[in-house]
Amino acid sequence: MRIGKQDNAFTAIATSDEHSITVRGHDLVGDLIGQIDFTEYFWLLVCGHRPTDAQKTMMNACLVAIAEHGLVPSVQAARMTLAAAPEAWQGAMAAGLLGMGTVVAGSSEIAGRFLAEVVAAGGDEAAAVRALEGVKAARKKVPGLGHPQHSSGDPRADKLLEIADKLGVSGPHVAALRHVGKHAPAIMSRPLPINVSGAIPAVILDAGWPLEALKAVPLLARAGGLAAHLYEESRRPIGFILSHNADLAIAYDGERAK
Numbered sequence: 002m003r004i005g006k007q008d009n010a011f012t013a014i015a016t017s018d019e020h021s022i023t024v025r026g027h028d029l030v031g032d033l034i035g036q037i038d039f040t041e042y043f044w045l046l047v048c049g050h051r052p053t054d055a056q057k058t059m060m061n062a063c064l065v066a067i068a069e070h071g072l073v074p075s076v077q078a079a080r081m082t083l084a085a086a087p088e089a090w091q092g093a094m095a096a097g098l099l100g101m102g103t104v105v106a107g108s109s110e111i112a113g114r115f116l117a118e119v120v121a122a123g124g125d126e127a128a129a130v131r132a133l134e135g136v137k138a139a140r141k142k143v144p145g146l147g148h149p150q151h152s153s154g155d156p157r158a159d160k161l162l163e164i165a166d167k168l169g170v171s172g173p174h175v176a177a178l179r180h181v182g183k184h185a186p187a188i189m190s191r192p193l194p195i196n197v198s199g200a201i202p203a204v205i206l207d208a209g210w211p212l213e214a215l216k217a218v219p220l221l222a223r224a225g226g227l228a229a230h231l232y233e234e235s236r237r238p239i240g241f242i243l244s245h246n247a248d249l250a251i252a253y254d255g256e257r258a259k
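The letter at position 65 of the sequence shown is residue 66 when you use the numbering used here, and the numbering goes up by one with no holes.
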């Protein structure tokens with residue numbers, strides 16, 4: 002059974018022959034290995050062209066900002082997976098990445114799409130207010146705003162926006178984020194500082210990164226953090242301690258055996 006179109010059998014990413022390997026129009030051995038850093042290569046692979054200095058600096062800043070975030074659920078899942086299957090680094094890494102959804106880490110994509118809608122609607126303060134009123138009417142959280150710990154402002158977000166301003170990267174998405182951040186507290190009736198999940202899509206979209214590939218940024222960043230946790234787990238294991246303490250923290254309230 003055929004599903005989907007059958008007339009688009011092409012890729013523009015890589016090819017090889019007996020003598021060479023070509024990636025995005027560059028000879029891998031002659032032009033890239035030892036000549037390009039990984040952030041630049043990441044941009045080249047996804048976008049098809051090398052980043053400017055400003056684009057590379059902005060991407061580097063975003064990756065560093067969220068590579069590590071402590072023992073969040075995705076990290077705990079990875080460490081407990083490695084504790085149960087110490088031979089399966091790939092399974093443990095996958096467990097951690099699979100846990101990156103709309104609440105943790107993957108929230109950057111949700112915020113990015115929200116900002117893109119605000120920009121498409123005009124990108125000004127009026128568009129931001131209309132978007133916020135829509136969020137409130139739907140009884141949803143404002144994407145990219147609020148933080149349970151950094152209630153007075155997420156320092157990572159502040160730093161990313163500062164870098165974007167200095168690089169001249171800030172554009173319509175950063176402006177839309179600032180409009181949303183300005184009006185959200187009054188409309189939603191609570192403090193809602195801009196968080197890192199709002200700043201990342203704003204600055205990297207304005208830098209020229211494609212919206213459809215936005216989730217790749219936190220995925221790549223957190224893969225680095227997960228590697229650190231898995232290496233530590235292999236030497237100083239806490240996976241079963243995490244599991245045991247979770248068991249102690251949860252009380253059974255089901256029916257008792259007769």
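Backbone N, C-alpha and C define an ideal beta-carbon position, used for all residues, glycine too.
Contact between the stretch 227-238 and the stretch 78-94 is present: three or more C-beta pairs spanning the two stretches fall below 8 Å. The C-beta separation of A55 from V170 comes to about 6 Å, placing the pair in contact by the 8 Å criterion. Straight-line measurement puts the Cα of G26 at about 13 Å from the Cα of Y42.
For I251, the secondary structure class from DSSP, reduced to helix, strand or coil, is coil. In the displayed model, T53 falls within coil according to three-state DSSP, outside both helix and strand. Annotated three-state conformation of T58 is helix, per DSSP.
Closest in alpha carbon position to V204, among P192, I242, R236, A165, is A165.
In this structure, P194 sits near G154, with a CB-CB distance shorter than 8 Å. Exposure of T12 is indicated by the presence of fewer than 16 other C-beta atoms within 10 angstroms of its C-beta. A straight-line Cα-Cα distance of about 34 Å links K160 and P238.
DSSP places T23 in the uninterrupted beta strand (DSSP E) bounded by 22-24.
Listed in chain order, the non-local C-beta contacts of G209 below 7 Å within the same chain comprise Q56, local neighbours out to five positions each way being set aside. When the beta-carbon positions are compared, G145 and G102 stay at least 8 Å from each other.
Using a 10 angstroms sphere on the CB of V104, the tally of other CB atoms stays under 16, which defines it as exposed.
Collapsing the DSSP output to three states places S171 in coil. Restricting attention to I188, A129, L116, N196, the CA atom closest to the CA of D207 is found in L116. Sequence-distant partners of I188 (beyond 5 residues in either direction) whose C-beta falls short of 8 Å from its own C-beta, in its chain, are V130, L133, E134, K137. For A10, no alpha helix (DSSP H) encloses it, and the DSSP letter there is neither H nor E. By the Cβ-count criterion, L83 is buried, with 16 or more other Cβ atoms from all chains shown falling within 10 Å of its own Cβ.
Every alpha helix (DSSP H) stretch that sits fully inside the stretch 43-131 and reaches 4 residues is listed by chain position as 54-67, 74-85, 90-99, 108-121. Of the residues assessed, I67 falls on the buried side of the cut-off, its CB having 16 or more other CB atoms within 10 angstroms. Under the three-state reduction of DSSP, A258 is assigned to coil, being neither helix nor strand.
Apart from sequence neighbours up to five positions away, the residues of its chain that approach A177 with a beta-carbon distance below 8 Å are L116, V119, V120, G124, A128, A129, A203, ordered along the chain.
Shown here for L33: same chain residues with a beta carbon closer than 7 Å to its own, the five before and five after excluded, namely V24, H27, Y42 in chain order. The beta carbons of L98 and R223 sit closer together than 8 Å.
Cβ neighbours of L29 within its own chain (closer than 6 Å, five residues either side excluded): I22.
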